[in-house]
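Going by the working numbering, 9 is the number at position 8 of the sequence shown; the sequence numbering is gapless. Beta carbons are placed, not taken as given, at the ideal position from N, Cα and C, and that holds for glycine. For reference, the structure discussed in these notes is given below.
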Amino acid sequence: MEVFGKSMVAATNVIYLSSILGQDGPNSVHKCDWKCENECICGNMFRCRLTGLTHFCDKNCNQRILYDNHSSLCRVSKQIFPLTPAEQHAVKGIRRKLEAESPPVRAALLSGEGMHSITPYHLRNHSLLLVPSAVKLARAWT
2 MEVFGKSMVA ATNVIYLSSI LGQDGPNSVH KCDWKCENEC ICGNMFRCRL
52 TGLTHFCDKN CNQRILYDNH SSLCRVSKQI FPLTPAEQHA VKGIRRKLEA
102 ESPPVRAALL SGEGMHSITP YHLRNHSLLL VPSAVKLARA WT
């Protein structure tokens with residue numbers, strides 16, 4: 002179900018760079034996800050078939066999510082961009098905040114400590130997604 006271009010089904014566990022950097026403004030725009038069928042119109046111009054909105058994938062892209070400590074991924078074009086120094090600084094602040102708010106088990110998993118001692122209990126109860134290129138980043142806590 003879509004309301005004003007926003008999914009009402011469930012929240013995603015991704016971090017948009019535009020929300021970290023305060024670039025969304027008071028009215029956030031539609032963020033494409035797996036339900037959107039994006040088509041490449043020409044070069045770096047894409048159109049969301051769900052909403053009809055166009056997206057230009059460049060350095061001002063507002064569809065980028067945090068991929069790892071040094072790069073971001075555009076969910077529309079699937080291009081990977083290096084983080085600017087300002088973005089890296091903002092990401093470090095968010096990581097510190099998440100680690101401070103996390104219980105000890107989650108904090109150890111976030112920092113990568115104790116990765117050798119992950120048990121089936123952790124995988125089942127914390128829904129840790131193991132992605133080869135971004136093990137520490139791609140987690141979906143339930």
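Coil, strand or helix - residue i by DSSP
i	result
residue 90	helix
residue 65	strand
residue 150	Residue 150 is absent from the structure shown; the chain starts at 2 and stops at 143.
residue 74	strand
residue 40	strand
residue 142	Summary for residue 142: the model assigns pLDDT 41, below 50, so the residue's position carries little reliability, and this model does not support an answer.
Neighbourhood of residue i by C-beta, 7 Å cutoff - its chain only, sequence neighbours within 5 removed
i	result
residue 32	17 and 64
residue 59	45
residue 77	33, 39, 47, 56, 58 and 64
residue 41	47
residue 74	65, 66, 68 and 81
Proximity test, residue i beta-carbon vs the ligand ZN heavy atom, cut-off 7 Å
i	result
residue 51	Among the components modelled here there is no ligand, and therefore nothing to report on the ligand ZN.
Residues near residue i by beta carbon distance below 8 Å, same chain, minus five either side
i	result
residue 54	6, 30, 31 and 48
Chain D within 8 Å of residue i, Cβ atoms only
i	result
residue 88	In the displayed structure, chain D is absent; only one protein chain is listed.
Identified DSSP bridge partners for residue i
i	result
residue 56	47
residue 81	74
* Asked: Do the segment 46-57 and the segment 28-37 meet, that is, are 3 or more Cβ pairs less than 8 Å apart?
  -> Yes, the segment 46-57 touches the segment 28-37.
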